[in-house]
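Structure record follows, encoded as structure tokens.
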Amino acid sequence: MKKKVAFVCVHNSCRSQIAEGWAKKLGGHVLEVYSAGTENYPEVKPGAVQVMEEVGVAMSGHYPKLLSDIPEELDILITMGCNVACPFVPCSHSEDWGLEDPSGGPIEGFRKTRDLIKAKVEDLIKRVENKEI
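Going by the UniProt record's numbering, the sequence shown opens with residue 1, and the numbers climb by one from there.
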């Protein structure tokens, strides 16, 4: 049975969207993947879409979602670094990745964030596969 995981940040417009893209591509066999934000935002950041498409992960259909748009109960909650208090969502495992938001910076910052998130998602998938989570 797949573990329900949600990646959460403030706007669901960059880091959590990148994590959702990687988790679906790399971990779809063990994860049921969601992402959400704590505040409304109009679109996924173009830089996030661009850098994911550079590595073959299509995100053009992604859009920002709120916590109310994802399941109320999860197995795993990953917060990306919330700036303020991270949200409480019932789950059996949670962790904060504390990643800086590259928004507003050069595209290289988006690439660095993309690669950091990929490594963290790969580690998460391994831990799920090994039943550590």
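In this text, a Cβ means the ideal position worked out from N, Cα and C, and glycines have one as well. Since we're looking at a predicted model, the values are computed, not measured.
Is there contact here, the region 96 to 108 with the region 56 to 71, by at least three beta-carbon pairs under 8 Å? Short answer: they don't touch.
Ordered list of alpha helix (DSSP H) runs contained in the region 34 to 112, each at least 4 residues: 46 to 54
Distance between VAL10 and ASP123 (C-alpha atoms, nearest Å): 23 Å
By Cβ distance below 6 Å, which residues in the same chain neighbour GLY27 in space, the five residues on each side in sequence not counted? ILE125
PRO46 and GLU73: beta carbons closer than 8 Å? No, Cβ-Cβ distance for PRO46 and GLU73 is not below 8 Å.
Through-space distance from ARG114 to residue 135, alpha-carbon basis: Outside the shown range of the chain (1 to 133) lies residue 135, about which nothing can therefore be said.
Can you grab the Cα-Cα spacing for the pair LYS3 / GLY61, in whole Å? LYS3 and GLY61: Cα-Cα distance of roughly 23 Å.
8 Å Cβ shell around VAL8 - same chain, five flanking residues per side excluded: Excluding sequence neighbours, VAL8 sits near SER16, SER35, ALA36, GLY37, THR38, LEU67, LEU77, ILE78, THR79, MET80, CYS82, CYS86, PRO87 and VAL89.
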